[in-house]
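Next up, the structure:
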């Protein structure tokens, strides 16, 4: 099934079409969180207004993330992480893209198995580079305090001490090109994903 | 509850430089890490900035690894003095002990989400007293509720006797509260129908330690790290007392400590140890005793015992008998040690007994436990074999509930003897003790009236009442339940629940009036008709004890909502200050008890605040492991309150027992039984207490009693219980991410997402045979859950042996069924199903037999059996939002 997103949604998510200014005023806006939460189930996102929903309850889009080309889908091999920086090149921007070979929450591609995550443990900032566990589709254990994360389930911790799920990189597929378009969860060390 | 789904945030407000900073400690596990609360008003919209000079941490953002990062789960908004305030609650980066690098577990790491905020799932905190009228709990005033409770309470005492007033309470909900509760129940009501949250009877948790002379919490945390070999039985500290593992044991393993785990299930700490050269002794439930004795046997057969230690610190024949056999023998300790089943005439006598037991042979023990016999020899060598240079390894032994709640008496006797032969006691890195579960917040305001208990075992010995069996027999007319689920926290919970139903909701006398007098009269009629009334004090409405059974609900306040004091697992006492307003009309438990007691006509409950309670109770701590009386002396000398004085110690706290030197300085105690410690020659100053436990052991002579651990006191139960046909063992315990009944975790979307309901880990072979996959809903059930249903007077030595109870008709077989989400993993022993121990809706304890360890009176909670069958698929099987079925033992 085609997993490509409606560009209008992407624009809305990234605040590139003045949606941010109108936040809270349009009944059919879907935010990034809702996208990611539903991403594992529905592969086609349909923009439908919710009848009788008060406009004030409509979620808002506030942050603006860069839309960054990462790599080509066809270049990914199952269980071989591809490293990149996102959402900027500052501290803790090291992230990974991996084709899990199994359907995953927020996954893109024909098998919905390509996911992206930040590499820094959301407990105390331990580095997760090099800890990909192919058999379990997991990152970890973190060398500091042994937390492990399930990459098929939005980076939820499997076992351990992380204060939140591993931040997931929101991906978009355009033809064979994979773009990073947002983050889901606060990156370790930062107080705001976009402000450091 | 609002949303069961966790929606991660992408930013968090930083505390400004002028934020209030309050030192406290975590509310959860026994380790009690130090925390700091940063608090500042919402009004004005002020928040800190990313530059060091712009925030309260004085750090530039992004911060370094191990830095002062704030996860969104560490922020909340509360009312303080009626005004909205931000709070950021993070581990203290500046503390010197416990979590000395500012580390924390996920439990404490998400403390901020426990505080009351009506915009979060904490909104259902109890906020006003309630009385059940017309079947519904209705908010009323404190006076209305307390008047009724006092009048009905006094009526029960007068008409039905003090034992008809049952008190079931937490043992650890801060010293101010436990002092008030025990003063009320034991000194004033004087009921023997009293016990704590985790046992049907007010008895010692580790009888073998008690007899040997070991304090449960003698060791310091440094001792666990200083051991060359560490045997951990029935627990993975990574899962349940995380910082003890990650800050002490994990670095020790990195530096060459040989870690031995004796547990039937592999979790992250076990996997880490094994990967780094440790040993995993994967016994099946209930077979600890033969394995421990087999290790001891290998040690003594090789002459590896610590002969010098034994010579100096183990009672010989005459010392073993000294102080025994006199008086009424009306204590469990005296009875156990004079009965002949346990007592020895010293090391050689014990050794002779050990070598004569078939089950202490390594091959026999390995067969019983279903383990590779080589592990027994390896463990013995690591624990006791001298090195080439003749020096001994420093060995320590840690036990916890998986061990002492499976064959409670036998296991704790066996491990004490093993500890003694390895030289574990009171030296750095050479200790034996409990790791601990909850924090240590008990302070006794009254003694238990054991001679009012009907429980009598053979040999002129009384034991504390079994409150569950007493209730099942219909003797409890008023159940006053404080901060515990009671039903799901005990064993055979479903038949226990049926009895609660019968005595309360199915009794014809139900309140159908708004008049205070009518309510009182109706409740009295229920009591007189053989029914039961229930008062419940808690912070949330618990099902069923509060939601279904309570006639009166008292809303309690807790952590951060009043100023309290408590100790951790190395006796470190800290102040937990109030930092925000308690919700609604909720009050601390000491206040509720005091006001109830006053209305009932009891004197001595006129406390103005929690500090006054602690100041009164301080003298009852004298001589205990957390003796803090001298802190009060110091406080008074300096014109401070006791709470103020404790506050000065901040997150470092002060380690008890606290002594005082000649110059008035407070002296801490690093470890108990510290045989190398020199106490001041001038003796105790003022009211300070010097007792045996400081430099010797808790025995009649100050030396250890080395005792026998006969398997046959337990074997008839184990043999009868062990899985038949397609049954498997059903055991349970804590999971890292959830604390106790999940009262807070059920209200943390992040944790709910991980563990939305109870689960069962089963082995792939068990799963395949039943066509079960991870994510399937299964039913866990049994039609042979044994329940001991009569209080009998013991005459013959074997009257309470399980086989005899069964033969004489005192055991009833009951049925139970719970559901769970299956997790198929090779991390569990093949014939074991493992569940979270306390989900109120799916209580694993339903499958555990309600038959107490007949020597001690404790339940063997970890011993259950049942069958597992698939119901269908759970919603978690194919969704990606909740749960994870990945294995937890990735190393």
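Protein chains in written order, with the numbering used here: chain F, 145 to 340; chain B, 55 to 945.
Ideal placement from N, C-alpha and C gives every residue a C-beta, glycine not left out.
Pair within 7 Å by beta-carbon distance, residue i and residue j
| i | j | result |
| --- | --- | --- |
| residue 537 (chain B) | residue 241 (chain B) | no |
| residue 516 (chain B) | residue 214 (chain B) | no |
| residue 128 (chain B) | residue 141 (chain B) | no |
| residue 625 (chain B) | residue 176 (chain B) | no |
| residue 459 (chain B) | residue 915 (chain B) | yes |
| residue 710 (chain B) | residue 680 (chain B) | yes |
| residue 577 (chain B) | residue 210 (chain B) | no |
| residue 69 (chain B) | residue 139 (chain B) | no |
| residue 302 (chain F) | residue 935 (chain B) | no |
| residue 149 (chain B) | residue 723 (chain B) | no |
| residue 599 (chain B) | residue 667 (chain B) | no |
| residue 631 (chain B) | residue 617 (chain B) | yes |
| residue 168 (chain B) | residue 798 (chain B) | yes |
| residue 457 (chain B) | residue 288 (chain B) | yes |
| residue 533 (chain B) | residue 103 (chain B) | no |
| residue 720 (chain B) | residue 688 (chain B) | yes |
| residue 832 (chain B) | residue 319 (chain B) | no |
| residue 244 (chain F) | residue 214 (chain F) | no |
| residue 752 (chain B) | residue 269 (chain B) | yes |
| residue 677 (chain B) | residue 743 (chain B) | yes |
Whole-angstrom distance between residue j and residue i, CA atom to CA atom
| i | j | result |
| --- | --- | --- |
| residue 440 (chain B) | residue 447 (chain B) | 7 Å |
| residue 781 (chain B) | residue 409 (chain B) | 34 Å |
| residue 814 (chain B) | residue 878 (chain B) | 8 Å |
| residue 359 (chain B) | residue 368 (chain B) | 12 Å |
| residue 298 (chain F) | residue 338 (chain F) | 20 Å |
| residue 126 (chain B) | residue 284 (chain B) | 37 Å |
| residue 84 (chain B) | residue 220 (chain F) | 47 Å |
| residue 923 (chain B) | residue 412 (chain B) | 38 Å |
| residue 317 (chain B) | residue 376 (chain B) | 37 Å |
| residue 406 (chain B) | residue 445 (chain B) | 26 Å |
| residue 191 (chain B) | residue 250 (chain F) | 44 Å |
| residue 841 (chain B) | residue 866 (chain B) | 5 Å |
| residue 218 (chain B) | residue 526 (chain B) | 12 Å |
| residue 179 (chain B) | residue 227 (chain F) | 46 Å |
| residue 98 (chain B) | residue 163 (chain B) | 28 Å |
Buried versus exposed call for residue i [16 or more other C-beta atoms within 10 Å across all chains shown]
| i | result |
| --- | --- |
| residue 239 (chain B) | buried |
| residue 348 (chain B) | buried |
| residue 232 (chain B) | buried |
| residue 188 (chain B) | exposed |
| residue 925 (chain B) | exposed |
| residue 807 (chain B) | buried |
| residue 880 (chain B) | exposed |
| residue 509 (chain B) | buried |
heavy atom of the ligand GDP below 6 Å from residue i C-beta
| i | result |
| --- | --- |
| residue 518 (chain B) | In terms of ligand content, the structure shown is empty, and the ligand GDP therefore cannot be addressed. |
Nearest-angstrom Cβ-Cβ length linking residue i and residue j, presumed shorter than 8 Å
| i | j | result |
| --- | --- | --- |
| residue 652 (chain B) | residue 669 (chain B) | Not really, about 19 Å apart at Cβ, beyond 8 Å. |
| residue 293 (chain F) | residue 282 (chain F) | 6 Å |
| residue 308 (chain F) | residue 804 (chain B) | 6 Å |
| residue 843 (chain B) | residue 524 (chain B) | About 12 Å; that fails the 8 Å criterion. |
| residue 449 (chain B) | residue 333 (chain B) | Their Cβ separation, rounded to whole angstroms, is 13 Å, which puts residue 449 (chain B) and residue 333 (chain B) out of contact at 8 Å. |
| residue 336 (chain F) | residue 182 (chain B) | That pair is no contact at about 40 Å. |
| residue 305 (chain F) | residue 289 (chain F) | 5 Å |
Proximity test, Cβ basis, 7 Å: residue i and chain C
| i | result |
| --- | --- |
| residue 273 (chain F) | The displayed structure is made up of protein chains F and B, and chain C is not among them. |
Validate contact between the segment 469-486 of chain B and the segment 324-333 of chain B using beta carbons, cut 8 Å, 3 pairs: no
contact_flag[the segment 224-242 of chain F, the segment 80-93 of chain B] where n(CB pairs < 8 Å) is 3 or more: no
Contact between the segment 457-471 of chain B and the segment 253-272 of chain B (3+ Cβ pairs under 8 Å): yes
The segment 591-610 of chain B / the segment 189-202 of chain B touching (three or more Cβ pairs under 8 Å): yes
The segment 888-904 of chain B touching the segment 542-550 of chain B, judged by at least three CB pairs closer than 8 Å: yes
Three or more C-beta pairs below 8 Å linking the segment 263-270 of chain F and the segment 312-320 of chain F: no
Three CB pairs or more closer than 8 Å across the segment 73-82 of chain B and the segment 152-165 of chain B: yes
Three or more C-beta pairs below 8 Å linking the segment 754-763 of chain B and the segment 418-435 of chain B: Contact fails between the segment 754-763 of chain B and the segment 418-435 of chain B, because fewer than three Cβ pairs, one in each stretch, are under 8 Å apart.
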